[in-house]
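Numbering-wise (our numbering), the sequence shown opens with residue 7 and increments by one. All residues carry an ideal CB built from backbone N, CA and C; glycine is no exception.
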Amino acid sequence: MSLIKNLKLLRGGLLSPRRVRKTAEVSAALEFLEKNRAIAALIFIATVAAIVLISSVGVGTADLPVLPNQLAAVRIVASTPFSYESNVKTEQAREQFRNQVPPVYKLDFSPLQQFEKNLRELVAQLEKLEHDYPNPAQRDARQKALEKIVDDFNAGGLYRTSVDDVAGLLSISEAKARFNIIENGLATLHEIYNEGVHNSSLASAQPGAITVFQIIKGNGEIAQRPVQSLDEALTFLRINLAAEGISREATLALFRIFENGVTPNLVYDPAATGQLQEKALKSLKKVIVSVVRGQTIIEPGITVTPEQYEMLVAQRRFLLASGNVELNEDLQLFGRVLLVLAMVWASVIYIRIEDRETLQSNGRLALLALVVIINLTLVRLTYSLSGLPYFIEHDTTASILPYTVPTAFAPIIVAILIDAGSGIFMALLVSIFASVIYGNRLDLLVLTFLASMVAIFSCRGLRKRSRVVRAAGLGGLVVALFVLLIGVVNHPSPWWSIVPAQMAAGLGTGLFTGVAIVGLLPVLEGLFKRTTDITLLELSDFNHPLLRLLQMEAPGTYHHSLIVAQLAENAANAIDANPLLARVCAQFHDIGKIGKPEYFSENQRNGFNPHETNNPSLSALIIKSHVKDGVDMALKHKMPKPVIDVIQQHHGTTLLRYFFERAKHETRGPFGSVTPFSSQEKAHPPRRGDTIYPLHSKVSEVTYRYDGPKPQFKESAIIMLADGVEAASRSLRKVTPQHLSELIEQIFRERIADGQLDESPLTFEEITKIKSSFNFTMLNMLHSRVAYPPGEGKPEPRSQTS
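Structure representation (C-alpha cells):
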C-alpha cells in the first residue's frame, strides 16, 4: 500500500476520535418482553379483562336507540320499578271519553221556510187560475196553465208534486176551507220541525229504541230530548191531515204535497260539541302507569308501539334522574366473561394454526390486543352517547349512533400490519362484541362484518396511503347501502325522514376511519417494529439519501445492489414471498461499503487493489466490517427492522475463502516448514463439527467468517443467494446456459453444505424455483451481443457481454 493510503487509513483509525458504532443487538430486557410466555399470558388476561369491562360494565339495553313504528331488534325489560304520567294513555282515555260525549245538533228551519214560501205562492197561483179560467170550455188551456204552475212549484225546491196532486187540492171547492187546510198543514210542519227530524243514519242501532239528541235551544242552552225520525214525522203529518174531514183522495193528494216539506233538520254543531267535550274533559285526570322490575317493555321482532316507546323513554329519564343504572338481567357479568374468554381463546387457536410467528411474538400479540381494545372502546363511546339527555330526548338522532361505530378500524390495521387472515378474524370479533354492546343486534353484526370484509379485500396489495382511505370508504359505502335496504323494509313511517341521515353517518364514519388509520399507521409501525408495503415503497425511491450516497461513493456496489434486487424480486415472486420486501432490502444490503468502497472489487478502478499490501486478517476485518457499518448507517437513518436484518444476515456466517486460503499460504515457513501451534491452541483442541485443516495451518477460521446471523426469513435467504450468484457471475469468461446453471448450482450447493440456510424457512421445492428464477434472470441480463463487421484496417471485435 502506498504511503498516502497508509496515512489515510491511520487518520481514519488510530488518529481519529473513536466513533461509537450503533448495533442492532436487542437488549436482554427487550428480548425478555418479546419472547417470555408469562408476558404473553399477561397480554391474554389483560385483553379479556379489558373487553369484559368495555362490553359489560354499565351496559344495558335501556339506552339502546329505538324508534316508534320500527321493528325492534332487541328485548328490553325494566331494570328497576318506576311510575310515569303516560301522555299516550291519557290521550287515549281523552279520546274515549270524548267519544262518549254525545254530539250537539241545532235545528235547521230553512227547508220549512222555503217550502212555506213556495206553497203559499202555489196557492196564490191556483186562485188566479180559477179566476182566469172559470169556464169549463177552457179546459185545455186551464190544464196547460196548471202544468206550468206545478212545474214552477217543483223547481222552487226540487219537489216531486204531480198535476193530479194539485188537482186534488183544487177539488176542495171552497176557498176558505182550502185555506184552513193549508194553514193547518203548515202548522203541523212547524210542530214537526220544532220537534226535530233526524236521518235514519243517526238513529240508534237497537230497533224500537228512543233516539235522544242534544239540541241547542233558542236561548243557547243544550238539552237532551228525543227526536223523531223521518218516517215518524210523515206518519204524524198523515194523521193530522186526515183529521181535516175531507175525502180520502183529497187527503192523499194533500199529503203528497206536504210530504215535500218534511226533511231532516238536525245539523251537527262542531263548535258546541267541542265546548261540551272540553267541559267534560276537565274532570279527567292524567293516567299514571306503574312498571315493575322485569316487566317487558320492548319485544324483539315486533313493531314498537307509541305506548312501548313512551315507557322506554320514561325508564331512561328515571334512570338518568335517579342515577340508578343497573344491568339488564340478560347481560350478567359471568355470561359476558365466558363469551369473551371463548372469543379470545378462539383467536389464539386461529393464530396458532395460521400464524405461529405471531403467537411466538409478544409484540404482535400486544399489537392485536391494543387495536382490538381501542376499537371496542370507540364502540363503547358511541354507545354511551345514547345515554346523554340530548339523545334521550331526540331518539331519532340516537338511532344514527349504531352506524357511526368504526368497526373496520382494527381489522384494517391488522390486515395491513400482519395479514388479511388475522384481519378477518379481528373483524368477526369486533362485530360480535359491537352487536352485543348494542343489545345482541344480529343485523348490526352482519352489516359491520360485511363492511369490514369489503375494506380488508380492498387493502390487498396496498402500496399507497390514499388506498387506505378508499378501502375504509368502500366499507362505509356498504353500510350506507344496506342501511337503505333495511330502512325501507323496516320503517312503516316515511323512511326518508331518518334513513338518509343513517346512510350519511355510515359513509362518513368509513372515511373518517380511513383518515385515522393513515395517521396512526406510522406510529404503530415504529412502536411494534412492523413494516408495511407502503413504507417499503417509499424506501424504494432511488432518491433516498442512502441510495444517492451509495451511487456517488460506490457506483460499482450500487450497480451490484440493483442487480441483486432484480434477482431477489423475481425469485420472491416465484415462491410467493414478498417481492417488494426482497427488492427494497436488496437495494440497501451493501450500504456499509460506502465508508471504504475501494476495498471492494466492484469499486476498484485503474487496477489498484489495496488488499495486495495488507495482511489477510486485516483485509478480512475490513471486508466483514461493511456489515456492521451498514447496520450502523441503517439505524441512524431509522430504517425498518427487515432492512437491518437483511444487512446483518445477507452473508450469514460464510467464509471469506480467498483471504482464508491466502492466510494459510502465508503461514508456511521456508521450505514448507510449519509454524508451531501456540500453547493456547494446544489447550483448546478442535471440537466436533469444527473445520479441521492440515497441520501446516494455524489460521483460525473464525477470523475469516462473517459474524452472522444466518438468514432467518425467506427474503433474507433469497438475497444471500442472489448476492453470491451475482458476484460469482462476474468471473465467467463466457456466459452460456450450461455455465451459468453450473455456477448457480455450485453456489447453492456450497451455501446448503455450509449450513447457511438451516435457519431459514425455505423448502427444497422453493430452492428449486429460486434456481430457475436466477437462471432465467441472469441469462437475460448477461446476454451476448452480435459481433459487428470490422472496418478497414481494424481488427474484428469479439462478442461482448452487456
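In the DSSP output, which residue or residues are listed as bridge partners for residue i?
i	result
Ser61	DSSP lists no partner for Ser61.
Val83	Thr302
Glu91	Ile294
His400	Answer by DSSP bridge pairing: none, since His400 is not bridged.
Ser235	His204
Lys112	Val273
Leu661	Arg711
Applying the 10 Å Cβ sphere with the 16-neighbour rule, what's the burial state of residue i?
i	result
Leu533	exposed
Phe614	exposed
Arg589	buried
Ser392	buried
Ser735	buried
Arg126	exposed
Pro276	exposed
Ser89	exposed
Ile51	exposed
Asp651	buried
Met558	exposed
Gly761	exposed
Pro622	buried
Ala440	buried
His617	buried
Ser206	exposed
Val377	buried
Could you give the DSSP three-state label for residue i: helix, strand or coil?
i	result
Arg711	strand
Gln230	strand
Lys599	helix
Thr538	coil
Val411	coil
Thr309	strand
Lys182	helix
Leu260	helix
Tyr199	helix
Val524	helix
Lys740	coil
Leu763	coil
Tyr315	helix
Ile462	helix
Asn549	coil
Gln654	helix
Leu325	helix
Phe841	A question about residue 841 goes unanswered here, because the residues of the chain that appear run from 7 up to 808.
Leu788	coil
Ser405	coil
Val169	helix
Met645	coil
His731	This sequence places Val at residue 731; His is not what is there. Three-state DSSP puts Val731 in a helix.
Arg471	coil
For residue i, which of the options has the nearest alpha-carbon?
i	options	result
Leu434	Glu544, Leu382 and Asp713	Leu382
Val268	Asn190, Leu118 and Val633	Leu118
Ser116	Gly202, Ser61 and Ile45	Gly202
Ala669	Ala626, Gln752, Ser458 and Leu36	Ala626
Thr538	Lys704, Pro648 and Lys599	Pro648
Lys630	Glu608, Leu662 and Arg262	Leu662
Val741	Asn621, Ala143, Asp764 and Leu788	Leu788
Asp158	Leu132, Asn141, Glu732 and Pro142	Leu132
Ala173	Ala130, Thr194, Leu260 and Ser206	Leu260
Pro417	Ala477, Ala404 and Pro232	Ala477
Thr86	Leu48, Leu113 and Ile303	Ile303
Ile492	Val452, Met432 and Pro767	Val452
Arg264	Phe121, Ile406 and Tyr712	Note that residue 264 is Phe in the sequence shown here, rather than Arg. Among Phe121, Ile406 and Tyr712, the Cα nearest to that of Phe264 is on Phe121.
Any beta carbon of chain B sitting closer than 9 Å to that of residue i?
i	result
Ile252	Among the protein chains of the structure shown there is no chain B, as only one such chain exists.
Could you tell me how far apart the beta carbons of residue i and residue j are, in whole angstroms, since I believe they sit closer than 8 Å?
i	j	result
Ser428	Val436	Contact flag wrong, Cβ pair sits at about 12 Å.
Val524	Val474	5 Å
Val1	Gly512	Not covered by the structure: residue 1. The range shown for the chain is 7 to 808.
Ile725	Ala486	In fact, because the Cβ distance is near 46 Å, the residues do not count as touching under 8 Å.
Leu371	Ala46	6 Å
Arg148	Leu135	7 Å
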